[in-house]
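A.B. asks:
Protein chains: 2
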Amino acid sequence: MKKYIPVLKKTQLFSGVGEDEIEAMLSCLQARLCTYEKGEYVLREGGRLENIMILVRGKLHIQRDDYWGNRSIISMIAVGEMFGEAYAAPESGPLLNDVLAVEDSDVIFFDIKRIITVCPTACRFHSAAVQNLFFAISEKNRKLIRKLGYMSKRTTREKLISYLSEEAKRQNSSTFSIPFNRQQLADFLSVDRSAMSNELCKLRDEGLLEFEKNRFVLH
Amino acid sequence: MKKYIPVLKKTQLFSGVGEDEIEAMLSCLQARLCTYEKGEYVLREGGRLENIMILVRGKLHIQRDDYWGNRSIISMIAVGEMFGEAYAAPESGPLLNDVLAVEDSDVIFFDIKRIITVCPTACRFHSAAVQNLFFAISEKNRKLIRKLGYMSKRTTREKLISYLSEEAKRQNSSTFSIPFNRQQLADFLSVDRSAMSNELCKLRDEGLLEFEKNRFVLH
DNA sequence: TCGTTTCCGTTGTAAAAACAACCGAATTAT
DNA sequence: ATAATTCGGTTGTTTTTACAACGGAAACGA
Numbered sequence: 376m377k378k379y380i381p382v383l384k385k386t387q388l389f390s391g392v393g394e395d396e397i398e399a400m401l402s403c404l405q406a407r408l409c410t411y412e413k414g415e416y417v418l419r420e421g422g423r424l425e426n427i428m429i430l431v432r433g434k435l436h437i438q439r440d441d442y443w444g445n446r447s448i449i450s451m452i453a454v455g456e457m458f459g460e461a462y463a464a465p466e467s468g469p470l471l472n473d474v475l476a477v478e479d480s481d482v483i484f485f486d487i488k489r490i491i492t493v494c495p496t497a498c499r500f501h502s503a504a505v506q507n508l509f510f511a512i513s514e515k516n517r518k519l520i521r522k523l524g525y526m527s528k529r530t531t532r533e534k535l536i537s538y539l540s541e542e543a544k545r546q547n548s549s550t551f552s553i554p555f556n557r558q559q560l561a562d563f564l565s566v567d568r569s570a571m572s573n574e575l576c577k578l579r580d581e582g583l584l585e586f587e588k589n590r591f592v593l594h
Numbered sequence: 376m377k378k379y380i381p382v383l384k385k386t387q388l389f390s391g392v393g394e395d396e397i398e399a400m401l402s403c404l405q406a407r408l409c410t411y412e413k414g415e416y417v418l419r420e421g422g423r424l425e426n427i428m429i430l431v432r433g434k435l436h437i438q439r440d441d442y443w444g445n446r447s448i449i450s451m452i453a454v455g456e457m458f459g460e461a462y463a464a465p466e467s468g469p470l471l472n473d474v475l476a477v478e479d480s481d482v483i484f485f486d487i488k489r490i491i492t493v494c495p496t497a498c499r500f501h502s503a504a505v506q507n508l509f510f511a512i513s514e515k516n517r518k519l520i521r522k523l524g525y526m527s528k529r530t531t532r533e534k535l536i537s538y539l540s541e542e543a544k545r546q547n548s549s550t551f552s553i554p555f556n557r558q559q560l561a562d563f564l565s566v567d568r569s570a571m572s573n574e575l576c577k578l579r580d581e582g583l584l585e586f587e588k589n590r591f592v593l594h
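Spelled out as structure tokens, the structure:
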């Protein structure tokens, strides 16, 4: 687990905490390292959760499949990102989503009670961690609101436009790549892949954008 | 503002804090009371926010209108609920939504920095407030995820079914009422009102549910 | 290298939604 | 009490999507 300390240092949760302190915190927070192969589930819908997790290697999708097998990707987790904070509160119910490893991945689990139960005398870092956690979940919240923005669009076309233009703005360039292939983008926007592919080509033919694989240029 | 202390006492943010302590906190947190008439905006999209707000009278909608005038209601705020926590972090960008008073309303504003900057010696309550705030935003997070669940359904019918059955589960009864009229429900689910009304009647004719105004019975 | 799988664009059809327009009933305002 | 407005159901038309099925190209594996 020690080899991932540099990764942890860059995460939002440990922002402002030195590597030595992180190492000390690992045992204090009862950190556990778990490894998953591509295609394995990290968490399953319906389960209970008493941890906050950070992805330190690989790539995850937070998703949900309905009765009919339609998958919708709630969000994508990249290295250094935290997940599970929504279930931090003790009264939070069962998990509403699956978490799937879409690449071989390593995940570090932290005991949630250890983080939020501040022990002001012993651990200086604790109040910093609580505040960091707070900012992180606040940001996740905004991310969800942003996604609700795409989803609330009525047509596939509008969903695409709002997602792509937001992504261009976020990456600060009219040329950018997205972390999805076509099927995944369709699942993310909760639309049919072929219909989306079709719409994407219409947008291209109308001169609004260009693309090649997951690389896009907006005009 | 004092008359609302009993309301504040019941909120998640002040959970476990006595009325006397709340009164002391009000000035410490630089609380401001603002009054809005039905139809007035509490906050506008694009603005900056350095406060957390609690609704102490009335009813609010968090919503967004697109270029074409399609309104989508992100969520509904009832008395005692907090909002704005998503913008608590100092790096959080401009507001993504409007907040509209749908009834005459009173809102208390709290300075966000005052809450999250813990002063461990002076104010015992502060660490409790931070933890409460954390749980509250965590819950809001789950609420958004739940809403994404409805929104990711492909058809109006499925959106209705998932929303109504979740609401029945949440209110723990097959008979329940919802906080929306038809137009608002349509805006909440981001669908056309007439199409939704149509679908609702089909569901009724098929014997899946009954309704009268905003009161529903699931079978 | 050759076979297999994945990815993605394309097409046609059936189903569903959006939109617009209308009307009666209930609610609110004057 | 009456006028005005809001609310919700209904209908028909147009637009859009979902779905299924196909094929070529690229990526992958043995």
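Quick note, the sequences are listed as chains A and B, same order. Here the first sequence is numbered in our numbering, starting from 376 and rising by one per residue. Here the second sequence is numbered in our numbering, starting from 376 and rising by one per residue. For each residue, glycine too, the CB sits at the ideal point set by N, CA and C.
Please decide whether Met526(B) counts as near chain A, where near means a Cβ-Cβ distance under 8 angstroms.
C.D. replies: Yes, Met526(B) counts as interfacial toward chain A.
A.B. asks: Between which two residues does the alpha helix (DSSP H) carrying Asp481(A) extend?
C.D. replies: Segment Ser480 to Asp486 is the beta strand (DSSP E) holding Asp481(A); no alpha helix (DSSP H) there.
A.B. asks: Where Val477(A) and Lys488(A) are concerned, what is the direct C-alpha to C-alpha distance, given to the nearest angstrom?
C.D. replies: Straight-line Cα distance between these residues: approximately 29 angstroms.
A.B. asks: Of all the residues that make up the region 513-541 of chain A, which are near chain B by a beta-carbon distance shorter than 9 angstroms?
C.D. replies: The region 513-541 of chain A vs chain B, Cβ under 9 angstroms: Ser513, Glu514, Lys515, Asn516, Arg517, Leu519, Ile520, Arg521, Lys522, Leu523, Gly524, Met526, Ser527, Lys528, Arg529, Glu533 and Ser537.
A.B. asks: What residues from chain B crowd round Phe510(A), counting only those whose CB sits closer than 9 angstroms?
C.D. replies: Simply Ala463, Ala464, Pro465, Glu466, Ser467 and Ile491.
A.B. asks: Say whether chain B places a C-beta atom closer than 8 angstroms to the C-beta of Leu560(A).
C.D. replies: So no, Leu560(A) is outside the interface.
A.B. asks: Mind pulling the chain A residues with CB within less than 7 angstroms of Glu425(B)?
C.D. replies: Within 7 angstroms Cβ-Cβ: nothing; Glu425(B) doesn't reach chain A, min ~13 angstroms.
A.B. asks: Assuming the contact rule is C-beta atoms closer than 8 angstroms, Ala406(B) and Phe458(B) should be a hit. Round their C-beta distance to whole Å, please.
C.D. replies: So it is not a contact: roughly 15 angstroms between Cβ atoms.
A.B. asks: Using 8 angstroms as the threshold, is the C-beta distance between Leu388(A) and Gly421(A) below it?
C.D. replies: No, Cβ-Cβ distance for Leu388(A) and Gly421(A) is not below 8 angstroms.
A.B. asks: Assuming the contact rule is C-beta atoms closer than 8 angstroms, Ser552(B) and Leu593(B) should be a hit. Round their C-beta distance to whole Å, please.
C.D. replies: At roughly 12 angstroms, the Cβ-Cβ gap does not stay under 8 angstroms, so Ser552(B) and Leu593(B) are not in contact.
A.B. asks: Answer yes if the region 445-456 of chain B comes into contact with the region 419-436 of chain B, meaning at least three C-beta pairs across the two stretches below 8 angstroms, and no otherwise.
C.D. replies: Because the criterion of three Cβ pairs below 8 angstroms is met, the region 419-436 of chain B and the region 445-456 of chain B touch.
A.B. asks: Give me the subset of the region 381-396 of chain A whose CB atoms are less than 8 angstroms from a CB atom of chain B, sorted by chain position.
C.D. replies: For the region 381-396 of chain A, which is checked against every Cβ of chain B, not one residue is closer than 8 angstroms.
A.B. asks: List the residues that DSSP assigns as beta-bridge partners of Val474(B).
C.D. replies: Answer is Leu418(B) and Ile437(B), bridged to Val474(B).
A.B. asks: Please list the terminal residues of the continuous alpha helix (DSSP H) segment that includes Arg423(B).
C.D. replies: Where Arg423(B) is concerned, there is no enclosing alpha helix (DSSP H), given that its DSSP letter is neither H nor E.
A.B. asks: Starting from Val482(A), find everything on chain B with Cβ-Cβ shorter than 7 angstroms and list it in chain order.
C.D. replies: Neighbours of Val482(A) on chain B: none; closest Cβ ~19 angstroms, over 7 angstroms.
A.B. asks: Could you please give the first and the last residue of the uninterrupted beta strand (DSSP E) stretch that includes Val392(B)?
C.D. replies: Taken as a continuous stretch (DSSP letters only), Val392(B) belongs to no beta strand (DSSP E), as it is neither H nor E.
A.B. asks: Whose C-alpha, out of Glu398(B), Leu430(B), Arg545(B) and Ser402(B), is nearest the C-alpha of Cys409(B)?
C.D. replies: Closest by alpha carbon: Leu430(B).
A.B. asks: Less than 8 angstroms between the C-beta atoms of Phe509(A) and Phe509(B), yes or no?
C.D. replies: Yes. Within cutoff.
A.B. asks: Would you say Ser565(B) reaches chain A, if we count a Cβ-Cβ gap shorter than 8 angstroms as a contact?
C.D. replies: So, interface residue.
A.B. asks: Would you mind sorting Tyr411(A) into buried or exposed? The rule is 16 or more other CB atoms within 10 Å of its CB.
C.D. replies: Per the 10 Å Cβ criterion, buried.
A.B. asks: How would you list, in chain order, the residues of chain A whose beta-carbon sits under 8 angstroms from the beta-carbon of Asn589(B)?
C.D. replies: Under the 8 angstroms cutoff, chain A gives no residues; its nearest Cβ is about 21 angstroms from Asn589(B).
A.B. asks: Among all the DSSP beta bridges, which residues are the ones paired with Tyr379(A)?
C.D. replies: Paired residue(s): none; Tyr379(A) is not in a bridge.
A.B. asks: How would you write the range of the beta strand (DSSP E) that Arg521(A) sits in, first residue to last?
C.D. replies: Here Arg521(A) belongs to no beta strand (DSSP E); instead the alpha helix (DSSP H) covers Phe500 to Met526.
A.B. asks: Compile a chain-ordered list of the residues in the region 401-419 of chain A whose CB is closer than 9 angstroms to at least one CB of chain B.
C.D. replies: Listed in sequence order: no entries.
A.B. asks: Which whole runs of the beta strand (DSSP E) in the region 523-562 of chain B are 3 residues long or more, in chain order?
C.D. replies: List check, beta strand (DSSP E) in window: 550-552.
A.B. asks: Glu587(A) lies in the beta strand (DSSP E); which residues open and close that run?
C.D. replies: Here the beta strand (DSSP E) through Glu587(A) covers Leu584 to Glu587.
A.B. asks: Looking at Ser467(B): is its Cβ nearer than 8 angstroms to the Cβ of Arg517(A)?
C.D. replies: Yes, these two residues count as a Cβ contact at 8 angstroms.
A.B. asks: Look up Leu575(B) in the DSSP assignment and say whether it is helix, strand or coil.
C.D. replies: Three-state result, Leu575(B): helix.
A.B. asks: With DSSP as the reference, identify every bridge partner of Met451(A), one or two as the case may be.
C.D. replies: BP columns for Met451(A) point to His436(A).
A.B. asks: Between the C-alpha atoms of Val392(A) and Ile490(A), what's the straight-line distance to the nearest angstrom?
C.D. replies: Going by the C-alpha atoms only, they are around 14 angstroms apart.
A.B. asks: Please state the DSSP three-state secondary structure of Leu401(A).
C.D. replies: The answer is helix: DSSP assigns Leu401(A) an H, G or I state.
A.B. asks: In whole angstroms, what is the alpha-carbon distance linking Glu585(B) and Arg532(B)?
C.D. replies: Cα to Cα, Glu585(B) sits roughly 15 angstroms from Arg532(B).
A.B. asks: With a threshold of 8 angstroms on Cβ separation, who are the neighbours of Glu398(B) within its own chain once the five nearest residues in sequence on each side are excluded?
C.D. replies: Cβ neighbours of Glu398(B) beyond the five flanking positions: Lys377 and Ile380.
A.B. asks: Per DSSP, which residues does Val592(B) bridge with? Please list them.
C.D. replies: Answer is Thr550(B) and Glu585(B), bridged to Val592(B).
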